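S.K.: This note's numbering puts the sequence shown at residues 248 to 528. Every residue, glycine too, gets a C-beta built ideally from N, C-alpha and C. Given the structure is predicted, the values throughout are model-derived calculations rather than measurements. Supplied in structure tokens, the structure appears directly below.
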Amino acid sequence: MLNKNKLFLIPLCLLLVGCSSQKKPGTEKQSATRTEKKVQSAAKSTQTNSQKASASQKESTTSSAAASSQSEQQASRLAQLNHELITHLGTVLLPQNDGLTSGSDKLNARYHGNAANYTVSYSVGTRAKDFNDSSVAQEIPYAEFTKKTYSSATEAAQQVTHRTASDSQGLPTVDLGHNIRGYLDSGAGQRYLSWNEGNWSLSVHAAAVKNEDPTQLAKQTVAELESYLLPAPQSYGEIRFNVGLSYGSREQLVRWQKGNIIYELETHDPSTAIKMAASVK
């Protein structure tokens with residue numbers, strides 16, 4: 248015979264098992280809500296990332312468009328002026344880069360001379376004016392490009408100041424980067440930091456009496472010449488830069504020889520001089 252107590256326990260166990268297998272009220276709803284929130288959060292995150300990417304792409308596109316616009320303005324205005332110069336002077340060498348970071352659309356130019364000897368003055372006005380307009384003479388040039396023809400290559404070569412490393416032996420040296428060492432010559436309240444690159448002799452002047460140091464500009468020049476290729480002088484070329492700048496000054500000089508011709512560029516800013524000189528063709 249079965250024990251009555253055991254018979255009583257069996258239904259009780261079945262009841263407990265049945266209760267434990269049932270989900271608590273609201274569990275499915277809570278789970279669904281959490282899942283929905285996760286989906287919404289993921290969607291929101293995706294949307295935010297997409298918006299950020301879109302904004303970044305838009306900003307990049309805007310910057311590229313601005314740079315492209317400046318480049319186009321520079322090319323179109325300078326090309327127009329160069330066309331006018333060639334019409335008056337014939338086929339001559341001219342800068343193809345105005346060296347400006349802004350204002351290319353207001354670039355003006357005037358010249359005097361002939362195909363053998365001429366000077367072109369570049370300035371930025373309040374607006375673009377006709378080529379060689381008389382009013383352009385009232386604008387202060389930021390750059391002047393000159394061609395001078397001499398009777399012989401020997402005479403032309405004498406117009407270029409050229410120093411070599413042997414001329415600077417015994418002077419303190421300065422590491423200018425890119426495996427180039429400069430030589431520092433100080434005296435009489437002045438400092439000159441000079442070096443050579445190929446047939447080019449370069450120097451940076453600073454006034455010690457004004458606590459000026461030529462090192463930074465010299466290093467900047469060496470770095471820029473890694474990106475801009477200067478014309479190859481037939482014999483010698485020289486660059487003379489100055490640390491001190493004053494309004495309207497053109498104390499940054501690039502000069503080189505080609506046969507019996509000397510080309511010379513004088514600008515207000517060293518970077519402008521490099522960009523313009525490297526574009527001459």
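Run through DSSP, which three-state label would Gln467 get?
M.R.: helix
S.K.: Taking the C-alpha atoms as reference points, what is the distance between Gln317 and Ser351?
M.R.: Because Gln317 sits at a pLDDT of 49, beneath the cut-off of 50, its placement in the model cannot be relied upon, and the following sentence gives the value as read from the coordinates. About 7 Å.
S.K.: Let me check one thing: in DSSP terms, what residues is Gln437 bridge-paired to?
M.R.: Beta-bridge pairing by DSSP links Gln437 to Gly434 and Ala454.
S.K.: Terminal residues of the continuous beta strand (DSSP E) containing Thr366?
M.R.: Tyr365 to Val371
S.K.: Beta-carbon within less than 7 Å of Thr411's beta-carbon, same chain only, minus the 5 sequence neighbours each way: which residues are those?
M.R.: Asn443
S.K.: Quick one: residues in its chain with C-beta nearer than 8 Å to the C-beta of Asp516, no 5 flanking neighbours on either side, listed in chain order?
M.R.: Gly346, Tyr389, Leu492 and Gln499
S.K.: Give the secondary structure of Asp422 by DSSP, where H, G and I count as helix, E and B as strand, and everything else as coil.
M.R.: strand
S.K.: Could you tell me which residues DSSP pairs with His359 in its beta bridges?
M.R.: Thr366
S.K.: Please state if the CB of Thr366 and the CB of Thr393 are separated by a distance shorter than 8 Å.
M.R.: The answer is yes: Cβ separation under 8 Å.
S.K.: Taking buried to mean at least 16 other C-beta atoms within 10 Å of its own C-beta, is Pro461 buried or exposed?
M.R.: buried
S.K.: For His335, tell me which candidate among Val371, Ser526 and Asn379 has the shortest Cα-Cα distance.
M.R.: Asn379
S.K.: Between which two residues does the beta strand (DSSP E) containing Ala390 stretch?
M.R.: Ala390 to Thr396
S.K.: According to DSSP, simplified to helix, strand and coil, what is Glu498?
M.R.: Looking at Glu498 - three-state DSSP - the assignment turns out to be coil, as it is neither helix nor strand.
S.K.: I believe Ser448 touches Thr408 by the beta-carbon criterion, under 8 Å. Please report the beta-carbon distance rounded to the nearest angstrom.
M.R.: 7 Å
S.K.: Is Ser448 close to chain D? Criterion is C-beta to C-beta, closer than 8 Å.
M.R.: Structure shown: chain D not included; a single protein chain is present.
S.K.: Look up Gln343 in the DSSP assignment and give the residues it is bridged to.
M.R.: Answer by DSSP bridge pairing: none, since Gln343 is not bridged.
S.K.: With distances taken Cα to Cα, identify the nearest neighbour of Ala363 among Val421, Lys528 and Thr396.
M.R.: Thr396
S.K.: Do Lys505 and Gln343 have their beta-carbon atoms positioned less than 8 Å apart in this structure?
M.R.: No, the Cβ-Cβ distance between Gln343 and Lys505 is not below 8 Å.
S.K.: Using a 10 Å radius around the Cβ and a threshold of 16 neighbouring Cβ atoms, would you call Asn426 buried or exposed?
M.R.: exposed
S.K.: Look at the alpha carbon of Tyr475 and the alpha carbon of Ile333, and state the distance between them as a whole number of angstroms.
M.R.: 25 Å
S.K.: Between which two residues does the alpha helix (DSSP H) harbouring Ile521 extend?
M.R.: Pro517 to Ala525
S.K.: Going by CA-CA distance only, name the one from Phe488, Asn489, Glu471 and Ser349 that's closest to Ala525.
M.R.: Glu471
S.K.: Tell me, please, which residues DSSP counts as bridged to Thr514.
M.R.: Ala390 and Gln499
S.K.: At what residues does the alpha helix (DSSP H) containing Glu402 begin and finish?
M.R.: Ala400 to Ala404
S.K.: How many Å lie between Val456 and Ala435 at the Cα?
M.R.: When rounded, the distance between both Cα atoms is 9 Å.
S.K.: What residue range does the beta strand (DSSP E) around Asn488 cover?
M.R.: In the sequence as presented, Asn is not what sits at residue 488; that position holds Phe. Run containing Phe488: Gly484 to Asn489, per the beta strand (DSSP E) assignment.
S.K.: Under 6 Å Cβ to Cβ from Ser482, same chain only, skipping five residues before and after it: list those, please.
M.R.: In its chain, beyond the 5 residues on either side, Ala404 and Gln504 have a beta carbon closer than 6 Å to the beta carbon of Ser482.
S.K.: Applying the 10 Å Cβ sphere with the 16-neighbour rule, what's the burial state of Thr519?
M.R.: buried
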